Amino acid sequence: MPNARGAGFVEARRVLNGLTAGPERRALGWLAPRVPPWISSDHLTLLGLSSMAACGALYALSGSRPLLLLAVNVALALNWLGDSLDGTLARHRRCERPRFGFYVDHLADAYGALFVLAGLACSGLMAPGVAAAILVAYFLLAIETYLATYAIGAFRISWGPVGGTELRILLAALNTVVAARPRITVGSAEWLVFDLAGVAAAAALAVVTLVAGVRGTRALARAEGWAPATPLRATGRRRQERPA
1 MPNARGAGFV EARRVLNGLT AGPERRALGW LAPRVPPWIS SDHLTLLGLS SMAACGALYA
61 LSGSRPLLLL AVNVALALNW LGDSLDGTLA RHRRCERPRF GFYVDHLADA YGALFVLAGL
121 ACSGLMAPGV AAAILVAYFL LAIETYLATY AIGAFRISWG PVGGTELRIL LAALNTVVAA
181 RPRITVGSAE WLVFDLAGVA AAAALAVVTL VAGVRGTRAL ARAEGWAPAT PLRATGRRRQ
241 ERPA
């Protein structure tokens, strides 16, 4: 039986086409029945958020201890487990709370991004300005995504082949590289690897947000029309309809 707490609420269509979407779905389906009864979806949500806080703390300490970046990878894996499995577990146990889950999960995502980028900004491995640019670009994309979820009815979890899981994998790979070599030489200048990757990430997020905004605006304009008839045209029609 559907959970009565979600009665009357229609969830938006989920759009998930990331490279790992298929294997991830199968892995979560295998894990959900094996979760001990005393662990709830709320525990998993808390695990996801606390793991991101741990990532931020480890990043902040990694400037003088680069090997801590490998510990960040462990925290990222725990974040994936908590953030991805909580909803699957709730659906498996038929105790969904769609409004609560959507609200809390994505509020946790926002705080998680803040924790991670604040940690990087404090680490000395990324310039604070680059970290701030990524955070602003991420929040702009998040705002566009949530507006589209409400106005269009489609909740986009991935953009092309890249979603949350793919981003974690890329970040873990980058952590491994930076742990061995935090700086590289480009031309005659030496750059922080995280700075180069961060500028590229902020630019990519900005472009995706712009493209998504244009497409969403055009889709809504087609669905609802550009504008109703103006009062002047309506008045003209009424005058023409009057008998002589």
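Residue 165 in the numbering used here sits at position 165 of the sequence shown; the count goes up by one each step and never skips. Glycine residues also receive a C-beta, built at the ideal position from the N, C-alpha and C atoms. Only a predicted model underlies this, so the values are computations on that prediction, with no experimental measurement involved.
query                                                                                                                                                                  : result
Near Ser158, which residues of its chain fall below 8 Å by C-beta distance, leaving aside the five closest residues on each side in sequence?                          : Val15, Leu16, Asn17, Gly18, Ala21, Gly164 and Glu166
Taking buried to mean at least 16 other C-beta atoms within 10 Å of its own C-beta, is Glu96 buried or exposed?                                                        : buried
Return the Cβ separation of Ala110 and Ala142 in integer angstroms, given the expectation that the two are a contact with Cβ distance under 8 Å.                       : 7 Å
What residue range does the beta strand (DSSP E) around Thr185 cover?                                                                                                  : Arg183 to Val186
Comparing alpha-carbon positions, which option in Thr145, Ala131 and Thr185 lies nearest Ala203?                                                                       : Ala131
Is the CB-CB distance between Ala53 and Phe139 below 9 Å?                                                                                                              : no
For Pro2 and Pro98, what's the separation of their Cα atoms in angstroms?                                                                                              : Its pLDDT being 46, under 50, Pro2 is placed unreliably in this model, and the value from its coordinates should be taken loosely. So the two alpha carbons sit approximately 11 Å from each other.
Helix, strand or coil, according to DSSP, for Ser158 in the structure here?                                                                                            : strand
Buried or exposed: which applies to Thr149, given that a residue is buried once 16 or more other Cβ atoms fall within 10 Å of its Cβ?                                  : buried
Please report the straight-line C-alpha distance between Ser123 and Leu220, rounded to a whole angstrom.                                                               : 43 Å
Measure the C-alpha to C-alpha separation of Gly29 and Leu44 and round it to an integer number of angstroms.                                                           : 15 Å
Just to confirm my understanding: we take Leu171, look at its own chain, exclude 5 residues before and 5 after, and list those with CB closer than 6 Å. What are they? : none
At what residues does the alpha helix (DSSP H) containing Val74 begin and finish?                                                                                      : Leu68 to His92
On the criterion of 16 or more Cβ atoms from any shown chain inside 10 Å, does Val10 qualify as buried, or is it exposed?                                              : exposed
Residues in the same chain with beta-carbon distance under 6 Å from Asn79, minus the five sequence neighbours each way, listed in chain order, please.                 : Gly48, Ser51 and Met52
Starting from Val130, follow the alpha helix (DSSP H) in both directions and report where the run begins and ends.                                                     : Pro128 to Ala151
Taking the straight line between their C-alpha atoms, what separation do you get for Leu61 and Ala133?                                                                 : 21 Å
DSSP on Glu96, reduced to helix/strand/coil?                                                                                                                           : coil
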